[in-house]
Amino acid sequence: MRVGVIGLGIMGAPMARNLLRAGHALTVHGRTRARVDPLVGEGATAADSPAAVAAVVDAVVTMLPDTPDVEVVVDGPEGVLAGARPGLLVVDMSTIDPEAARALAARAAAAGVAFLDAPVSGGEQGAIAGTLSIMVGGERAAFERAAPLFAALGRQVTSMGGSGQGQMTKLVNQVVGATTLAAVAEGVVLAASAGLDPAAMVRALEGGAATSWMLREQAPRMQRRDFAPGFMVRLQQKDLRLALAAARRLGVPLPASALVHQLFTAVEARGGGALGTQALVTALEVLAGRDGEERAAGPDEGRTLASDLGAKRRD
């Protein structure tokens, strides 16, 4: 297919590369040439605007930070719909407000354009490996047209129903993932305070009911003070705000998610908004009385949480 990709950040750039490797003819657009030029060097064509992308492709994939970004890129004066011909397929893989996704789908349909909301889970590693979980809302015919794109980008692709339901599923994913991450961070702090061997602790828990992706992937990063972002705190906060707003509309209490949102707010208040979500552990460290030892950038020269707490006890 002739495919356009708009949004070439941590997730969008590797996704674009996977579409190239799958044999699709790629046109790209990003806010800075520094993000566009490497893909052009690998065989993509650059376009000056989202409208210019839409004018020359069969399908457009967007991967953008937040709801207002998607609204401008899809429906703005130089947006995708401004350059679209009837029959274009638009697949938004950002995480945005489900109500906004439904509104964009309606505006696209009025222009003869099919629109899918197809947010993803799996982080930077999944984007690079092409193993993302993709949750799709929209008409079945459009879902089937997008199958070659999804095959290049993900391993688990699920049609969730009508427009907005992909986004709603992603918010459920974020609620489960963020609260699990908080539980892992609490366990890491408790284990370090008790002097447990970090790697042995993770191995022990992996064999039982407490195992999870968050435990396997994020606990070791917390332990070695590696806060490099695969998914940033500020983006997780955006997703939790969307989830809490959707829950309010539906009359559903999310007390654990609200608490995790506040813990991430504490990380942001200390300058950690651009860190990876595993930096949530630093908020719990502050509560444990380690407030003078945190940094707003990591990794922290290879020190482990266990050694830090051990030193504090010896002092």
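Start counting the sequence shown at 1; every next residue gets the next number (my numbering). Note that beta-carbon positions come from the ideal geometry of N, C-alpha and C, so glycine has one too. As the structure is a computational prediction, the values presented were derived from the model and not from experiment.
Item                                                                                                                                                                   : Value
Taking buried to mean at least 16 other C-beta atoms within 10 Å of its own C-beta, is residue 262 buried or exposed?                                                  : exposed
So what does DSSP say about residue 115, is it helix, strand or coil?                                                                                                  : strand
When DSSP builds the beta bridges, which residues end up paired with residue 134?                                                                                      : 120 and 157
Scan the region 63-119 and note each continuous beta strand (DSSP E) run of 3 residues or more that stays entirely inside, going in chain order.                       : 89-92 and 114-117
Buried or exposed, going by whether 16 or more other CB atoms sit within 10 Å of the CB of residue 252?                                                                : exposed
Three-state secondary structure (DSSP) at residue 267?                                                                                                                 : helix
Hey, residue 43 and residue 101: beta-carbon distance below 9 Å or not?                                                                                                : no
Assuming residue 8 and residue 39 form a contact by the criterion Cβ under 8 Å, report the distance between their Cβ atoms to the nearest whole angstrom.              : 7 Å
Near residue 118, what residues of its chain come up, given a Cβ to Cβ distance below 6 Å and the 5 sequence neighbours on each side ignored?                          : 91, 93, 134, 136 and 166
Quick one: give me the first and last residue of the beta strand (DSSP E) that residue 57 is part of.                                                                  : No beta strand (DSSP E) contains residue 57, which DSSP labels as neither H nor E.
Would you check if the distance between the CB atom of residue 19 and the CB atom of residue 5 is smaller than 9 Å?                                                    : yes
Pull up the distance between the alpha-carbon of residue 123 and that of residue 15, whole angstroms please.                                                           : 11 Å
Say whether the region 226-235 touches the region 184-201, bearing in mind that this needs 3 or more beta-carbon pairs closer than 8 Å, one atom from each stretch.    : no
Note down the Cα distance separating residue 220 from residue 282, rounded to an integer number of angstroms.                                                          : 14 Å
Do residue 240 and residue 260 have their beta-carbon atoms positioned less than 9 Å apart in this structure?                                                          : yes
What number of angstroms, rounded off, separates the C-alpha of residue 126 from the C-alpha of residue 12?                                                            : 11 Å
Going along the chain, which residues of its own chain have a beta-carbon closer than 8 Å to the beta-carbon of residue 59, five neighbours each way excluded?         : 1, 2, 3, 4, 88, 89, 90, 91, 145, 146 and 149
Shorter than 9 Å from the beta carbon of residue 237 to some beta carbon of chain D?                                                                                   : Chain labels in this structure do not include chain D; a single protein chain is all it has.
Measuring only the C-alpha atoms, how far is residue 49 from residue 106?                                                                                              : 22 Å
Assuming residue 36 is part of the alpha helix (DSSP H), what are its boundary residues?                                                                               : 33-41
Per DSSP, what are the beta-bridge partners of residue 225 in this structure?                                                                                          : Answer is none; residue 225 lacks a bridge partner.
Assuming residue 111 and residue 142 make a contact with CB atoms under 8 Å, what is their CB distance in whole Å?                                                     : Not confirmed; about 14 Å, so no contact.
Restricting to Cα atoms, I'd like to know which of 235, 73 and 81 is closest to residue 10.                                                                            : 235
Which class does residue 8 belong to by DSSP, given the choice of helix, strand or coil?                                                                               : coil
Taking the continuous beta strand (DSSP E) assigned at residue 28, which residues delimit it?                                                                          : 25-29
Please specify which runs of the alpha helix (DSSP H), each continuous and at least 4 residues long, are wholly inside the region 161-215, giving them in chain order. : 165-193 and 198-206
Could you tell me the distance, in whole angstroms, from the CA atom of residue 273 to the CA atom of residue 232?                                                     : 7 Å
Would you mind sorting residue 17 into buried or exposed? The rule is 16 or more other CB atoms within 10 Å of its CB.                                                 : buried
Any idea if residue 277 is buried or exposed, counting beta-carbon neighbours within 10 angstroms, 16 or more meaning buried?                                          : buried
Return the CA-CA distance between residue 179 and residue 51, expressed in angstroms with no decimal places.                                                           : 39 Å
Give me the Cα-Cα distance between residue 286 and residue 187, rounded to the nearest whole angstrom.                                                                 : 15 Å
Reducing DSSP to helix, strand and coil, say where residue 252 ends up.                                                                                                : coil
Considering only their Cβ atoms, is the gap separating residue 174 from residue 62 smaller than 9 Å?                                                                   : no
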